[in-house]
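As structure tokens, the structure follows; a few thoughts come after it.
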Amino acid sequence: MEQRGSPGRTRSLVLDGTTDVVTRSRDFVRRALAAWDWLPAETEAEREAAEDVLLLVSEVVANACLHGGGPGALLLDCTDERLRIEVTDGNPEPPVPVRARSAAEAGRPGGHGLLIVERLASRWGSRPWPGGKCVWLEVAVPEPLRNPGRR
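Encoded structure:
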């Protein structure tokens, strides 16, 4: 994956061939958020932002498991303005949000992950990646965290 952003604020985790990837990914992100002062949250906005990031990571990693043949890697790139999350997988097909379901499918669980991503991320998309694709998303850094000397 491309390495960009601030030194010390870009982290990657190889997931290919590992087990319990959603939990492993959430733990990895939680540690990064703590290192970047998102956690422990001091304000409601910071708490909500951190919870949103953990939910988003769970969704894109789970989607890679369900639809992409398993995730290859997770990359976090945090600047003063935004946090970018990237997950690679082995399926070259771009993700497509489920918009409508038949009456028979309406009660079935699942199928809403990308709708959650669309709602919580400021931007998201995918791009081709060797052997598959990279799904990426961005969230805004909460305003209280944009001032690096605040804590």
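Under the numbering used here, the first residue of the sequence shown carries the number 16, and numbering increases by one thereafter. Note that beta-carbon positions come from the ideal geometry of N, C-alpha and C, so glycine has one too.
Buried or exposed (CB count within 10 angstroms, at least 16 for buried), residue i
{"i": "Glu101", "result": "buried"}
{"i": "Arg116", "result": "For Arg116, the pLDDT reaches just 48, beneath the cut-off of 50, and the residue's location in the model is therefore unreliable, although a value from the coordinates is still provided. Classification for Arg116: exposed."}
{"i": "Leu48", "result": "buried"}
{"i": "Gly128", "result": "buried"}
{"i": "Glu61", "result": "buried"}
{"i": "Arg161", "result": "exposed"}
{"i": "Pro112", "result": "exposed"}
{"i": "Leu12", "result": "The displayed coordinates of the chain run from 16 to 166. Any statement about residue 12 would go beyond what the structure contains."}
{"i": "Ala79", "result": "buried"}
{"i": "Ala136", "result": "buried"}
{"i": "Leu130", "result": "exposed"}
{"i": "Pro110", "result": "buried"}
Opposing strand residues paired with residue i [DSSP bridges]
{"i": "Thr94", "result": "Paired residues: none, contrary to the question."}
{"i": "Arg142", "result": "Cys149"}
{"i": "Thr103", "result": "Ala88, Cys149"}
{"i": "Val168", "result": "Any answer about residue 168 is impossible in this case: the structure gives the chain only from 16 up to 166."}
Unbroken beta strand (DSSP E) run spanning residue i, endpoints
{"i": "Leu28", "result": "25 to 29"}
Endpoints, the alpha helix (DSSP H) within which residue i is located
{"i": "Thr38", "result": "36 to 50"}
{"i": "Arg62", "result": "59 to 82"}
{"i": "Val132", "result": "128 to 135"}
C-beta neighbour in chain C for residue i, strict 8 Å
{"i": "Pro107", "result": "The chain inventory of the structure shown lacks chain C, comprising one protein chain alone."}
Exercise for review: Determine, using beta-carbon pairs with one atom in the stretch 51 to 66 and one in the stretch 28 to 42, whether at least three such pairs fall under 8 Å.
Suggested key: no
Review point. Pairing CB atoms from the stretch 76 to 91 with CB atoms from the stretch 38 to 51, are three or more of them under 8 Å?
Key: The answer is yes - the stretch 38 to 51 touches the stretch 76 to 91, with three or more Cβ pairs under 8 Å.
Point to revise | Three or more C-beta pairs below 8 Å linking the stretch 143 to 153 and the stretch 93 to 110 | key: yes
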